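Written out below as structure tokens is the structure these notes cover.
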Amino acid sequence: MTAKLPYLNTAYIRRTELEDVMRLFYPVLSASPDNADALTLSCDADGIAVNCAITFRGASDNYSADFGEEPARGKQLQRLLKTFLYDFLCAVTGLKRPWGSLTGIRPTALAYEMLARGEDIDAVPAKMQSAYRLSPEKAELIGRILHAQKGYYNSDIGNFDLYVNIPVCPSRCAYCSFISHELKKCAKLLPEYIGLLLKEIDFTLNLQARLGHRLRAVYIGGGTPSTLEVGDIARILAAIPPCGELTFEAGRADTVTREKLDALAAGNVTRISINPQTFNDATLAAIGRRTTSEEVFAAYALARGYSFDINMDLIAGLPAEGADALRVNIDTCVSLAPDNITVHTLAIKAGSRLKLTHDLNSVNAGEAEALNSFSPMAALTAAGYIPYYLYRQKYMLGGLENAGYTIPGKQCLFNIDTMEETSSVAACGAGAISKAVFSGGRIERSANVKNIDEYIERFSEMLERKTALFYDRDKQADQTPIYR
Ligand code: SF4
Numbered sequence: 008m009t010a011k012l013p014y015l016n017t018a019y020i021r022r023t024e025l026e027d028v029m030r031l032f033y034p035v036l037s038a039s040p041d042n043a044d045a046l047t048l049s050c051d052a053d054g055i056a057v058n059c060a061i062t063f064r065g066a067s068d069n070y071s072a073d074f075g076e077e078p079a080r081g082k083q084l085q086r087l088l089k090t091f092l093y094d095f096l097c098a099v100t101g102l103k104r105p106w107g108s109l110t111g112i113r114p115t116a117l118a119y120e121m122l123a124r125g126e127d128i129d130a131v132p133a134k135m136q137s138a139y140r141l142s143p144e145k146a147e148l149i150g151r152i153l154h155a156q157k158g159y160y161n162s163d164i165g166n167f168d169l170y171v172n173i174p175v176c177p178s179r180c181a182y183c184s185f186i187s188h189e190l191k192k193c194a195k196l197l198p199e200y201i202g203l204l205l206k207e208i209d210f211t212l213n214l215q216a217r218l219g220h221r222l223r224a225v226y227i228g229g230g231t232p233s234t235l236e237v238g239d240i241a242r243i244l245a246a247i248p249p250c251g252e253l254t255f256e257a258g259r260a261d262t263v264t265r266e267k268l269d270a271l272a273a274g275n276v277t278r279i280s281i282n283p284q285t286f287n288d289a290t291l292a293a294i295g296r297r298t299t300s301e302e303v304f305a306a307y308a309l310a311r312g313y314s315f316d317i318n319m320d321l322i323a324g325l326p327a328e329g330a331d332a333l334r335v336n337i338d339t340c341v342s343l344a345p346d347n348i349t350v351h352t353l354a355i356k357a358g359s360r361l362k363l364t365h366d367l368n369s370v371n372a373g374e375a376e377a378l379n380s381f382s383p384m385a386a387l388t389a390a391g392y393i394p395y396y397l398y399r400q401k402y403m404l405g406g407l408e409n410a411g412y413t414i415p416g417k418q419c420l421f422n423i424d425t426m427e428e429t430s431s432v433a434a435c436g437a438g439a440i441s442k443a444v445f446s447g448g449r450i451e452r453s454a455n456v457k458n459i460d461e462y463i464e465r466f467s468e469m470l471e472r473k474t475a476l477f478y479d480r481d482k483q484a485d486q487t488p489i490y491r
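Residue numbers for the sequence shown follow the numbering used here, so the first one is 8 and each next one is one higher.
Put into structure tokens, the structure is as follows:
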């Protein structure tokens with residue numbers, strides 16, 4: 008379905024926010040010189056009362072709200088108008104979306120905003136369901152996550168997490184939009200890269216120590232860090248100080264060997280990822296992952312001989328995979344009993360090869376609807392897992408989400424910190440993005456350059472960027488309350 012871009016006559020909402028709501032119903036938006044059937048939304052607000060009118064393809068509606076004593080504020084108005092537009096488009100199309108009018112914001116961020124205002128944790132899901140038109144299942148998902156994060160959620164800005172990026176993979180998967188280099192194309196650069204990366208890790212740990220910050224969790228990701236040689240893996244792990252949680256991504260089963268697992272165990276790794284994405288070999292071949300389900304089973308069996316917590320990632324909605332395939336994948340994963348299972352939803356973004364061959368939104372529209380008919384949450388909670396974090400991205404199939412599930416007590420701190428944006432992340436390596444969380448919840452980011460060769464050339468600049476980011480952090484505190 009296509010629709011013309013919206014025309015907007017209000018200063019209270021950003022046009023892109025409207026477009027995001029329209030895209031929930033009309034995945035393809037087009038610009039048109041005449042804008043004959045474009046959606047128009049006009050809005051007057053005098054601070055207390057708001058009046059809106061909307062027209063689109065012959066349909067129209069009006070909406071008024073009175074804020075009484077309390078003046079309506081920008082963000083509040085924006086959310087309200089988005090829900091108004093959402094309701095209107097539901098009526099026009101006869102469709103509903105699982106996350107209602109929520110776009111461009113982490114659902115749990117809204118939930119924590121409500122908690123910070125003094126809302127009871129058990130009242131939050133129903134209030135969000137009503138305010139943003141969430142489906143009962145998504146409201147329940149939020150409620151379960153809030154409970155699963157109790158005791159793990161920590162907004163102490165004296166904490167930081169360390170992230171180390173190894174943007175290297177054995178081959179490139181078709182759906183991947185990360186900056187990751189194929190091993191054969193970057194092998195010559197790796198010795199120099201690892202040498203500089205070790206320097207950046209050392210510099211970063213010293214910087215954080217001088218600031219008096221405490222290391223909470225470490226995550227070595229990418230890419231596929233287990234693509235590296237055993238010796239390089241050991242050198243990187245030797246640079247990491249003792250930490251209660253140290254995750255090492257061994258996502259591709261074709262990179263997992265006994266020698267590498269020995270190095271991870273010797274380097275005090277506590278958690279690894281072995282990611283099937285799907286157990287269907289035809290799909291694995293089609294997405295260029297160059298592993299088979301047999302290799303995943305073998306790598307998992309090998310890793311189970313160690314004491315790591317193990318996460319497995321699945322992707323819902325891969326080409327030719329609908330709700331039945333997802334059910335089979337989840338059942339297979341559960342039968343292996345990993346500690347964590349992450350269910351991603353396919354999002355086809357710029358930079359991926361799939362983007363070139365798939366028009367995600369139109370080609371898969373039917374599959375997206377079908378995917379909604381199966382509930383990973385129901386299947387996984389029945390198997391003893393609890394959802395503990397979620398995030399959403401643009402261009403996700405069916406407007407769904409990525410959600411992490413865990414055996415109770417095995418929540419990954421790094422994932423919670425990252426998704427809830429409660430902890431600074433000092434990130435090292437090409438493509439790594441550091442994040443400083445300031446008092447009051449204000450966040451600033453600083454990215455390293457993306458490519459390995461550029462990282463090598465401009466290494467000293469990465470250290471300068473990091474210093475500038477973290478040394479400024481205490482200068483501009485604001486007083487916005489956040490949930491503790
Ligand atoms: S293994 Fe992961 S990071 Fe590497 S190409 Fe595939 S999806 Fe991208």
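Yeah, the Cβ is synthetic: ideal placement off N, Cα and C, and Gly gets one too. Computed from a prediction, not measured in an experiment: that's the story for all the values here.
Just mark residue i as buried or exposed, buried being the case when its beta carbon has 16 or more other beta carbons within 10 Å.
{"i": "Pro415", "result": "exposed"}
{"i": "Pro132", "result": "buried"}
{"i": "Gln5", "result": "Here the chain comprises residues numbered 8 to 491, so residue 5 is not present and cannot be evaluated."}
{"i": "Leu404", "result": "buried"}
{"i": "Ala308", "result": "exposed"}
{"i": "Ala257", "result": "buried"}
{"i": "Gly125", "result": "exposed"}
{"i": "Leu102", "result": "exposed"}
{"i": "Ala389", "result": "exposed"}
{"i": "Lys473", "result": "buried"}
{"i": "Gly438", "result": "buried"}
{"i": "Tyr478", "result": "exposed"}
{"i": "Ala289", "result": "exposed"}
{"i": "Ala434", "result": "buried"}
{"i": "Glu189", "result": "exposed"}
{"i": "Glu266", "result": "exposed"}
{"i": "Glu468", "result": "exposed"}
{"i": "Gly150", "result": "buried"}
{"i": "Leu25", "result": "buried"}
{"i": "Thr23", "result": "exposed"}
{"i": "Ala45", "result": "buried"}
{"i": "Arg221", "result": "exposed"}
For the ligand SF4, is there a heavy atom less than 6 angstroms away from the beta-carbon of residue i?
{"i": "Cys183", "result": "yes"}
{"i": "Ala193", "result": "One point to set straight first is that residue 193 is Cys, not Ala, in the sequence displayed. No, Cβ of Cys193 sits at least 6 angstroms from all heavy atoms of the ligand SF4."}
{"i": "Arg179", "result": "yes"}
{"i": "Arg259", "result": "yes"}
{"i": "Gly230", "result": "yes"}
{"i": "Ser233", "result": "no"}
{"i": "Ser342", "result": "no"}
{"i": "Ser300", "result": "no"}
{"i": "Cys50", "result": "no"}
{"i": "Ser187", "result": "yes"}
{"i": "Cys176", "result": "yes"}
Quick one, are the C-beta atoms of residue i and residue j less than 7 angstroms apart?
{"i": "Pro283", "j": "Ile317", "result": "no"}
{"i": "Leu31", "j": "Gly406", "result": "yes"}
{"i": "Ser453", "j": "Leu470", "result": "no"}
{"i": "Arg323", "j": "Thr352", "result": "The displayed chain sequence assigns Ala, not Arg, to residue 323. Yes, the Cβ-Cβ distance between Ala323 and Thr352 is below 7 angstroms."}
{"i": "Ala56", "j": "Asp73", "result": "yes"}
{"i": "Cys176", "j": "Thr264", "result": "no"}
{"i": "Asp94", "j": "Val432", "result": "no"}
{"i": "Leu122", "j": "Pro394", "result": "no"}
{"i": "Ile463", "j": "Glu199", "result": "yes"}
{"i": "Pro174", "j": "Gly229", "result": "yes"}
{"i": "Asp27", "j": "Gly111", "result": "yes"}
{"i": "Arg278", "j": "Thr254", "result": "yes"}
{"i": "Met426", "j": "Tyr392", "result": "no"}
{"i": "Ala2", "j": "Gly295", "result": "No statement about residue 2 is possible, as the shown extent of the chain runs from 8 to 491 and does not include it."}
{"i": "Val303", "j": "Ala332", "result": "no"}
{"i": "Gly448", "j": "Thr349", "result": "no"}
{"i": "Ser441", "j": "Ile164", "result": "no"}
{"i": "Leu378", "j": "Ala327", "result": "no"}
Secondary structure, alpha helix (DSSP H): runs of 4+ residues fully inside the segment 80-112: 81-100
Meets three-Cβ-pair contact criterion under 8 angstroms: the segment 138-155 and the segment 217-231: no
Segments assigned alpha helix (DSSP H), at least 4 residues, entirely inside the segment 244-326: 265-273, 288-293, 300-310
Sufficient close CB pairs (3 or more, under 8 angstroms) joining the segment 284-298 to the segment 235-249: no
Those runs of the beta strand (DSSP E) which lie wholly inside the segment 120-187 and span at least 3 residues: 166-173
Ordered list of beta strand (DSSP E) runs contained in the segment 369-435, each at least 3 residues: 393-398, 409-413, 431-435
Completely contained alpha helix (DSSP H) runs for the segment 188-224, where each covers 4 or more residues: 190-193, 197-217
Touching by the beta-carbon criterion (3+ pairs, under 8 angstroms), the segment 194-212 and the segment 154-162: no
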